[in-house]
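Protein sequences appear in the order of chains G and S.
For the record, in the first sequence the residue sitting at position 118 is 118 according to UniProt numbering, with numbers rising by one throughout.
For the record, in the second sequence the residue sitting at position 110 is 110 according to UniProt numbering, with numbers rising by one throughout.
Structure record follows, encoded as structure tokens.
Protein chains: 2
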Amino acid sequence: MSDLKDFLEVKKCPIQYVLAVNDTLNVISGKWKMPIIASLLYGKNRFKDLQENIEKITPRMLSKELKELELNGVVVRKVYDSTPVKIEYRLTESGKRIYSVMDAMVEWGLEHRKNVVDSIT
Amino acid sequence: MSDLKDFLEVKKCPIQYVLAVNDTLNVISGKWKMPIIASLLYGKNRFKDLQENIEKITPRMLSKELKELELNGVVVRKVYDSTPVKIEYRLTESGKRIYSVMDAMVEWGLEHRKNVVDSIT
DNA sequence: AATAGTAGTATACTTTTGTATAGTAAATTC
DNA sequence: GAATTTACTATACAAAAGTATACTACTATT
């Protein structure tokens, strides 16, 4: 394949865009990420609260996912030096902004469902 | 837990929203969905074109993913009755609209990267 | 008749993701 | 001092997702 063909035809997405999409996908993919982020948005901040709010999640998964979200800069773990210690998980500013992605997903999903139902009936 | 507490505190996301997010997640999750959708948006419509455009994807995965996208109403498979047969994959209208989700993801990803880099340096 | 292009499928395998179940440790209430 | 609450960890396992490699079936070109 010639360079010209490369230039004219093989349009590629800028690499930063690819990385950005992958970062986002990483943060929202899996069975529990969205429920956890949504729960945090709804003001459920303690381990126990999250566990109660998210049906069927095991403590192992909750712990694992929270660690991953923390590592990805989406969540911060705060230890309050009270007795007994209280631990809170909070969304970072970035974390809160994932709301906009969820919003786009809800919008697409609703519209898509409508279309698919239309196409069947 | 009382019904009142349910009502006052356990705010829940409307079920249709949850379903909508899950539908969207289903369509975009995995290693190859986004590259495939992006390639289709860029006008790569034949199996071979997609295979060449998406580095390292095996024909097995490409075939599997295209089938899944078709089943989900995101892609249509068109057989042209020429000799030799030409087969094209095209995004449905819903499929094209996933662009808006990708857009939100790029935006969040870029911003997040900027913040994370800022917080390290 | 042999080679190449298009559009895949088949089989076996590895890796990643998620589940099930039980247990720990510190403090707090009965 | 026994049970309960909070915040987890440990081990073993099952299921889903992805990879590697080879192969097929049809047509077209040389």
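C-beta atoms are modelled at their ideal positions from N, C-alpha and C, and glycine is treated no differently.
The model shown is predicted, which means the values in this text are computed figures rather than measured ones.
Neighbourhood of residue i by C-beta distance below 8 angstroms, restricted to the same chain and skipping five residues each side
i, result
"S:Tyr17", "none"
"G:Tyr80", "Lys86, Ile87 and Glu88"
"G:Arg46", "Lys86, Ile87, Glu88 and Tyr89"
Unbroken alpha helix (DSSP H) run spanning residue i, endpoints
i, result
"residue 133 of chain G", "This structure cannot settle anything about residue 133 of chain G, because the visible part of chain G is limited to 1 through 121."
"G:Lys56", "Taken as a continuous stretch (DSSP letters only), G:Lys56 belongs to no alpha helix (DSSP H), as it is neither H nor E."
"G:Val74", "Run containing G:Val74: none; DSSP gives neither H nor E here."
"G:Pro35", "Lys33 to Leu41"
"G:Asp23", "Ile15 to Ile28"
Residue i, buried or exposed, once every other Cβ within 10 Å from all chains shown has been counted against 16
i, result
"G:Asp118", "exposed"
"G:Pro35", "buried"
"G:Val76", "exposed"
"G:Phe7", "Because G:Phe7 sits at a pLDDT of 46, beneath the cut-off of 50, its placement in the model cannot be relied upon, and the point is left open."
"S:Gly15", "The displayed chain sequence assigns Ile, not Gly, to residue 15 of chain S. Under this definition S:Ile15 is an exposed residue."
"G:Leu40", "buried"
"S:Leu71", "exposed"
"G:His112", "buried"
"S:Thr24", "buried"
Contacting residues, own chain, Cβ-Cβ under 7 angstroms from residue i (five flanking each side not counted)
i, result
"G:Met61", "Trp32"
"S:Gly73", "Thr92 and Ser94"
Nonlocal neighbours in the same chain, by C-beta distance under 6 angstroms from residue i, ignoring five residues either side
i, result
"G:Lys48", "none"
"S:Leu69", "Val75"
"S:Asn53", "Ser39 and Lys44"
Span of the beta strand (DSSP E), counted from its first residue to its last, around residue i
i, result
"residue 137 of chain S", "This structure cannot settle anything about residue 137 of chain S, because the visible part of chain S is limited to 1 through 121."
Candidates the options, of which the one nearest residue i by Cα
i, options, result
"S:Thr92", "G:Leu41, G:Val116 and G:Ile15", "G:Val116"
"S:Ile98", "S:Lys78, S:Ile28, S:Thr58 and S:Cys13", "S:Ile28"
### Task
Select from the region 56-68 of chain S all residues with a C-beta closer than 9 angstroms to any C-beta belonging to chain G, and list them in chain order.
none
### Task
Pull out every residue of the region 99-116 of chain G whose Cβ sits closer than 8 angstroms to any Cβ of chain S, in chain order.
Ser100, Val101, Met102, Asp103, Ala104, Met105, Val106, Glu107, Trp108, Gly109, Leu110, Glu111, His112, Arg113, Asn115 and Val116
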